[in-house]
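Q: In UniProt numbering, the protein residues as written are 1 to 380.
Before we start, here is the structure in question, set down as structure tokens.
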Amino acid sequence: MPVLPVKAYTSQMWFDREMATIFSRTWQMAGFIEDLTESGDYLTVQAGLHNILVLLDDDKQLRAFHNVCRHRGTQLLRASGKRKKFLTCPYHDWTYNLSGELKAVPERKEQFPDLDLKTLCLHRAAVGTWRGMIFVHPDPNADDLLDWFGPVEPYLGPHQPENLVEYVEGRARHEINANWKIIVENYIDGYHLAHLHSETLYMYAHQHQKTGFVGDHFHFFEPLSSDYLDGIENNAPLPLIDHIPKDKIGAYVPMLFPNLGLGEAESSWSTFQVIPVAPNKSIVEVRTKVMPVSDWKFMQQEWKSWNFFKNFKGDKYRTEDPEDPLASGDFMVEDIYVCEQQQRSFSSPYFAVGAIAKDLEQSVYQYQRNIQAFLEGREN
1 MPVLPVKAYT SQMWFDREMA TIFSRTWQMA GFIEDLTESG DYLTVQAGLH
51 NILVLLDDDK QLRAFHNVCR HRGTQLLRAS GKRKKFLTCP YHDWTYNLSG
101 ELKAVPERKE QFPDLDLKTL CLHRAAVGTW RGMIFVHPDP NADDLLDWFG
151 PVEPYLGPHQ PENLVEYVEG RARHEINANW KIIVENYIDG YHLAHLHSET
201 LYMYAHQHQK TGFVGDHFHF FEPLSSDYLD GIENNAPLPL IDHIPKDKIG
251 AYVPMLFPNL GLGEAESSWS TFQVIPVAPN KSIVEVRTKV MPVSDWKFMQ
301 QEWKSWNFFK NFKGDKYRTE DPEDPLASGD FMVEDIYVCE QQQRSFSSPY
351 FAVGAIAKDL EQSVYQYQRN IQAFLEGREN
């Protein structure tokens, strides 16, 4: 039966506990390597209680700092930007170089005669890259990024994301009225794939899925359906990724602890980042990479795939309501719908988990055990 209580999905106190203990103490994805190309390019990311600033310094080396001015704590930068030569606090114009050193304080002689600039450098955070992604950790002395992800690498797809290009049209940001763990649990639930997504993810052989955990990280693989695979060169909706051996084609869909999913498929590679906002609210950011081919080749592949996809109606239910999520033909819309419905049910006194699939839902409860153990291990 469930490991975590209902309050783990509804309580502000529990949510705050997770922000302090899980998200402030794990590696979080900040972006793709190509998001930062020139000195002074930067982005910001929230990692639990910490807002982290990532930039390329004067030597085009990655650096990460806590986005907090050493004067009175104002955030230096927001969102992302290009080619800043200095980091200047908007409040009092305290200015830092790209190495995080304090270089200028207005009216210093009159107002701060004894101030030693060297003592007020920006606080460092840890930063690293892995599989074409940038990750940050609030602790500058965090365990090595490669050690964190190393154990799960043998279970990932043979994709080379650094050799793919971002499909900008595939970038999406979803605001979801559900606790972040509900979204993660849905992501790793193998039972719903053949049911909720019977008309949207029919290209995969769900009955042959292989799943497991390596430490706290979840790994998942399922092969393509025989109908889809037999004519894959024509059936794929996007140009096939050419560095994947045919005997390795399939869906690799890990969930990297605590909140980063990867969707590694035959013709695309995606990140699925679940960002906690409140006990009952989350954001999911999806970014997708594809083969670097011409627009013409994209259109050609789309046309060719029509012969396969036209045979499926693409919706779970026929309805007169064009806004019905279960008639959307979009598996992400279907997932959002059931996650929000489950969140609503937590307020019912009749809510209870009645039974658990002995194989296809075990990942959900193992994940809950991992959450519980991580919280207890870091708090003790």
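Ideal Cβ positions, reconstructed from N, Cα and C, are used throughout, including at glycine.
Quantities reported herein were computed from a predicted structural model and do not represent experimental measurements.
How about the stretch 174 to 191 and the stretch 46 to 62: do they share at least three Cβ pairs that are nearer than 8 Å?
A: As far as the Cβ criterion goes, the stretch 174 to 191 does not touch the stretch 46 to 62, which means the pair count is below three.
Q: Taking Cβ to Cβ, would you say D63 is nearer than 9 Å to L375?
A: The residue labelled residue 63 in the question sits at position 63 within the sequence shown. The residue labelled residue 375 in the question sits at position 375 within the sequence shown. Correcting the residue identity first, residue 63 is Arg in this sequence and not Asp. No, the Cβ-Cβ distance between R63 and L375 is not below 9 Å.
Q: Under the rule that 16 or more other beta-carbon atoms within 10 Å means buried, what is M203, buried or exposed?
A: Here residue 203 refers to the residue found at position 203 when the sequence shown is read from its first residue. By the neighbour-count rule (16 or more Cβ atoms within 10 Å), M203 is buried.
Q: Leaving out five residues on either side along the sequence, give the residues of the same chain with a beta carbon under 7 Å from the beta carbon of R378.
A: Taking the sequence shown and counting its residues from 1, the one referred to as residue 378 is at position 378. Only T21, R25 meet the Cβ criterion.
Q: Would you kindly work out how many angstroms separate the C-alpha atoms of V165 and K289, rounded to a whole number?
A: Taking the first residue of the sequence shown as 1, we reach residue 165 at position 165. Taking the first residue of the sequence shown as 1, we reach residue 289 at position 289. Roughly 5 Å between the two C-alpha positions.
Q: K103 by DSSP, collapsed to three states: which one?
A: Translated into positions along the sequence shown, residue 103 becomes position 103. Strand at K103.
Q: Could you tell me the boundaries of the alpha helix (DSSP H) in which K109 lies?
A: Position 109 of the sequence shown, counted from the first residue, corresponds to residue 109. It spans 108 to 111 - the alpha helix (DSSP H) in which K109 sits, taken as one unbroken run.
Q: Taking all protein chains shown into account, decide if G250 is buried (16 or more other Cβ within 10 angstroms of its Cβ) or exposed.
A: Sequence index remark: in the sequence shown, residue 250 carries index 250 (1-based). Buried.
Q: Run through DSSP, which three-state label would I52 get?
A: Taking the first residue of the sequence shown as position 1, residue 52 is located at position 52. The answer is strand: DSSP assigns I52 an E or B state.
Q: If I measure Cβ to Cβ from A104 and keep anything under 6 Å in the same chain, skipping five residues before and after, which residues do I get?
A: The sequence position of residue 104 within the sequence shown is 104, counting from 1. So the qualifying residues of the chain are T95.
Q: Under three-state DSSP, which class holds Y191?
A: Taking the sequence shown and counting its residues from 1, the one referred to as residue 191 is at position 191. The answer is coil: DSSP assigns Y191 none of H, G, I, E or B.
Q: Which same chain residues, not among the five before or five after D57, have their C-beta less than 6 Å away from its C-beta?
A: Your numbering for residue 57 matches position 57 in the sequence shown. Only R63, L98, S99 meet the Cβ criterion.
Q: Would you mind working out which of G212, L262, E302, F351 sits nearest V286, comparing C-alpha positions?
A: Along the sequence shown, one-based indexing puts residue 286 at 286. Nearest option by C-alpha distance: L262.
Q: Kindly confirm or deny that the stretch 242 to 259 and the stretch 139 to 157 touch, where touching means at least three C-beta pairs closer than 8 Å.
A: Contact holds: three or more Cβ-Cβ distances are below 8 Å.
Q: Helix, strand or coil for I283 per DSSP?
A: Taking the sequence shown and counting its residues from 1, the one referred to as residue 283 is at position 283. DSSP places I283 in strand when its eight states are reduced to three.
Q: Taking the alpha-carbon of G355 as reference, which of V364, P349, I275, L224 has the nearest alpha-carbon?
A: Along the sequence shown, one-based indexing puts residue 355 at 355. Gly is not the amino acid found at residue 355; the sequence shown has Ala there. The shortest Cα separation from A355 among V364, P349, I275, L224 belongs to V364.
Q: Whole angstroms are fine: how far does the CA of F135 sit from the CA of T44?
A: Translated into positions along the sequence shown, residue 44 becomes position 44. Translated into positions along the sequence shown, residue 135 becomes position 135. Cα-Cα distance, rounded: 11 Å.
Q: Any idea what DSSP makes of H243, helix, strand or coil?
A: On the sequence shown, residue 243 is found 243 positions in, with the first residue counted as 1. DSSP places H243 in coil when its eight states are reduced to three.
Q: Over the uninterrupted alpha helix (DSSP H) stretch that includes K358, give me the two end residues.
A: One-based indexing of the sequence shown puts residue 358 at position 358. Counting along the chain, K358 falls outside any alpha helix (DSSP H), and DSSP gives it neither H nor E.
Q: Which residues in the same chain have their Cβ closer than 8 Å to the Cβ of R83, if we skip the five residues on either side of it in sequence?
A: For the purposes of this step, residue 83 is identified with residue 83 of the sequence shown, where counting begins at 1. Excluding residues within five positions, the ones whose Cβ falls inside 8 Å are E38, S39, G40, D41.
Q: Just curious, the beta strand (DSSP E) that V136 is in, first and last residue?
A: Along the sequence shown, one-based indexing puts residue 136 at 136. That run of the beta strand (DSSP E) goes 133 to 137.
Q: Which residue from E110, R108, L87, L201 puts its Cα closest to that of L122?
A: The residue labelled residue 122 in the question sits at position 122 within the sequence shown. Of E110, R108, L87, L201, the residue nearest in Cα terms is L87.
Q: DSSP three-state label for H92, please.
A: On the sequence shown, residue 92 is found 92 positions in, with the first residue counted as 1. Coil, per DSSP.
Q: Taking all protein chains shown into account, do 16 or more other C-beta atoms lie within 10 angstroms of the C-beta of H66, making it buried, or fewer, making it exposed?
A: Position 66 of the sequence shown holds residue 66. So H66 counts as buried.
Q: Tell me the DSSP secondary structure of K82 in three-state form.
A: Locating residue 82 in the sequence shown gives position 82, where the first residue counts as 1. In this structure, K82 counts as coil in the three-state DSSP scheme.
Q: Taking W306 as part of the alpha helix (DSSP H), name the residues at either end of that continuous run.
A: For the purposes of this step, residue 306 is taken as the residue at position 306 of the sequence shown. Unbroken alpha helix (DSSP H) run through W306: 295 to 309.
Q: Smallest Cα separation from E34: which of N234, K60, W303, N141?
A: The residue labelled residue 34 in the question sits at position 34 within the sequence shown. Cα-wise, what sits closest to E34 is K60.
Q: At the level of alpha carbons, what is the spacing between P322 and R78?
A: As a first step, residue 322 is located in the sequence shown; it is residue number 322 there, counting from the start. As a first step, residue 78 is located in the sequence shown; it is residue number 78 there, counting from the start. Near 38 Å, if we compare the C-alpha coordinates of R78 and P322.
Q: Pop quiz: V3 and R369 are said to be a contact at Cβ under 8 Å. What is the actual Cβ separation, rounded to whole angstroms?
A: One-based indexing of the sequence shown puts residue 3 at position 3. One-based indexing of the sequence shown puts residue 369 at position 369. Going by Cβ atoms, the distance from V3 to R369 rounds to 5 Å, so yes, they are a contact pair.
Q: Can at least three beta-carbon pairs, one atom from the stretch 291 to 299 and one from the stretch 270 to 277, be found at a separation below 8 Å?
A: The stretch 291 to 299 vs the stretch 270 to 277: no contact.
Q: What does the Cβ neighbour count give for Y187, buried or exposed, with the cut at 16 atoms within 10 Å?
A: The sequence position of residue 187 within the sequence shown is 187, counting from 1. Its Cβ being crowded by 16 or more others within 10 Å, Y187 is buried.
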